[in-house]
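Each step along the first sequence adds one to the number in the numbering used here, with nothing skipped, and position 159 is 313. Where is the CB? At the ideal position from N, CA and C, for every residue including glycine. Bear in mind the structure is a predicted one, so any value in this text is a computation, not a measurement.
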Amino acid sequence: MYEDDNITCTPKRCVLTEVTNSANYVSPTANLKLLTNVALQYPTPPPSAVHRKEKSLQILCDRFLNLYPLHGEGPVEIQLDSTAARLGVEKRRMYDIINILEAMQCAVHKRKNTYLWHGGARLNSFLKMLKKQGEHLRLSEALRGKAPKPPTPKHKTLGVLAQRFLMLFLVEPQNTLINLEMAVRVLIDTSSKNKTVLSPEQQDRQHKSKVRRLYDIANVFISIGLIEKVSGNLILKKPVFKYVGPFKIKKCEKSVLSSVSPITPLSVLDSQQKASAYHVFAGRSKRKLEFTSPTSTKELKLGVTTPPHTPSHKWDEILLVADMELTRINKGVVL
DNA sequence: AGATCCCGCCAAAGT
DNA sequence: ACTTTGGCGGGATCT
């Protein structure tokens, strides 16, 4: 059922005697032993090579969603260990995925080893809240160095990072392209690091680490259908991402339906909603994912200037990103 | 060579 | 003390 996804074709049949040079009949048991030995003779199929892609978080998440669809019935319980086994991965990888999905309200940590899967049932409303939160954090301004970068909590950093990464898309005009460099810049809290004045070396390490995480996050976001990687842009070599959610129906590799536009309008994002909860995640644990406590915004009092709608075509998009990128490059290191 | 990011060590949080 | 979570970055792989 599962696990068959990777199989591309059936290995070519061949008679045992061809392989063993033996014409004598052997019992099934002996056969097995023989085959095992023969198999060991052959060079172990490249343990890596093509396999790396197969092991990507995106693929893994795809397979995970195969087991637990975004658009399923009622909530379902997920056992991490057994799921990991079914998917044939280390349990550690399950944490990578489930943490991000949890941050998207797709699942809730119920108890040890157990999550309650809600799928995308809450996604739309949650995205609305994320956008609000993003505006509250003034991420749009922060992106352009017009506002301080919001401090980041210490727990659930992957989940928080995922949420904030997504906020960037929600807060910006539709179709804004965002690259990882831009994102990391706002998402790294450089301001108050206690007294630890990050040495330029540590800074670089931190930066790289954050980028790694964003790659991970981007991969599951892509799997969920929230964002897309925009490839082949002529201006920037680095990849940029584009928001395409919520609920872009995953195009199944196998069957292609006739319908064309599986993209749900983003109208939901424009409506207002009272966002009262900062603590998004239920649960009594210390490892609670929380939105940054209400930023004590008394220093800068600017109205949120999120542009209403700026339908822009490709070039505008690219130029926007290019502009920001150039600005960064020219500006060098900034606080 | 630089971008991408899998893998798993090991420490913190939880029981 | 033991187990479960998950931060983190070395280095393999891909472009």
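Check                                                                                                                                                                               : Outcome
Using the Cβ count rule (16 or more neighbours within 10 Å means buried), how would you classify residue 245?                                                                       : exposed
Going by DSSP, what residue range makes up the beta strand (DSSP E) through residue 329?                                                                                            : Premise fails: residue 329 is in no beta strand (DSSP E) and is neither H nor E.
Could you check where the alpha helix (DSSP H) with residue 254 kicks off and where it finishes?                                                                                    : 245 to 257
What's the C-alpha gap between residue 243 and residue 297?                                                                                                                         : 37 Å
Going by Cα to Cα distance, which pick from 396, 342, 371, 379 is closest to residue 253?                                                                                           : 371
Taking three-plus beta-carbon pairs below 8 Å as touching, is the segment 268 to 285 in contact with the segment 230 to 243?                                                        : yes
Can you find the residues in the same chain that come closer than 8 Å, C-beta to C-beta, to residue 312, ignoring five residues on each side of it along the sequence?              : 250, 253, 254, 257, 367, 370, 371
Assess, as a yes-or-no matter, whether the segment 373 to 383 is touched by the segment 213 to 232 under the definition of 3 or more beta carbon pairs within less than 8 Å.        : yes
Run the CB neighbour count on residue 410, radius 10 Å, all protein chains shown included, and call it buried at 16 or more, exposed below.                                         : Note on residue 410: pLDDT 28, under 50, position unreliable in the model; the coordinate value appears next. It counts as exposed.
Give the secondary structure of residue 224 by DSSP, where H, G and I count as helix, E and B as strand, and everything else as coil.                                               : coil
Of the choices 322, 365, 273, 399, whose alpha-carbon is the least far from that of residue 392?                                                                                    : 365
What does DSSP give as the partner residues of residue 303 in its beta bridges?                                                                                                     : Residue 303 pairs with nothing; no bridge assigned.
Which residue comes first and which comes last in the alpha helix (DSSP H) that contains residue 378?                                                                               : 354 to 378
Helix or strand or just coil, what does DSSP make of residue 314?                                                                                                                   : helix
Could you check which residue in 261, 340, 373, 363 has the C-alpha nearest to that of residue 291?                                                                                 : 340
Since residue 263 is in the alpha helix (DSSP H), which residue starts that stretch and which ends it?                                                                              : No alpha helix (DSSP H) contains residue 263, which is instead part of the beta strand (DSSP E) from 261 to 265.
Given a threshold of 16 other Cβ atoms within 10 Å of its Cβ, counted over all protein chains shown, does residue 354 qualify as buried or as exposed?                              : exposed
Mind checking which residues open and close the beta strand (DSSP E) that includes residue 209?                                                                                     : No beta strand (DSSP E) holds residue 209; DSSP gives it neither H nor E.
What residues match up with residue 395 in a beta bridge as DSSP calls it?                                                                                                          : 332, 383
So residue 270 is in the beta strand (DSSP E); what residue range does that whole segment cover?                                                                                    : 268 to 271
Tell me whether residue 337 is buried or exposed, calling it buried when 16 or more other Cβ atoms sit within 10 Å of its Cβ.                                                       : buried
Residue 331 and residue 285: beta carbons closer than 7 Å?                                                                                                                          : no
Taking the DSSP output, what are the residues bridged to residue 340?                                                                                                               : Residue 340 pairs with nothing; no bridge assigned.
For residue 310 and residue 316, what's the separation of their Cα atoms in angstroms?                                                                                              : 10 Å
Could you tell me the alpha carbon to alpha carbon distance between residue 281 and residue 399, rounded to whole angstroms?                                                        : 10 Å
Need the endpoints of the alpha helix (DSSP H) that residue 502 sits in, please.                                                                                                    : Any property of residue 502 remains undetermined from this structure, which presents the chain solely from 155 to 489.
Leaving aside the five residues before and after residue 224 along the sequence, list all residues of the same chain whose C-beta is less than 6 Å from its C-beta, in chain order. : 273, 274
Please report the Cβ distance between residue 259 and residue 276, rounded to the nearest whole angstrom; I am assuming they are in contact, meaning their Cβ atoms lie under 8 Å.  : 4 Å
Name the DSSP beta bridge partners of residue 231, please?                                                                                                                          : 270
One question on the structure: do residue 343 and residue 306 come within less than 7 Å of each other, judged by their Cβ atoms?                                                    : yes
Whole angstroms is fine: what's the gap from residue 294's alpha carbon to residue 322's?                                                                                           : 7 Å
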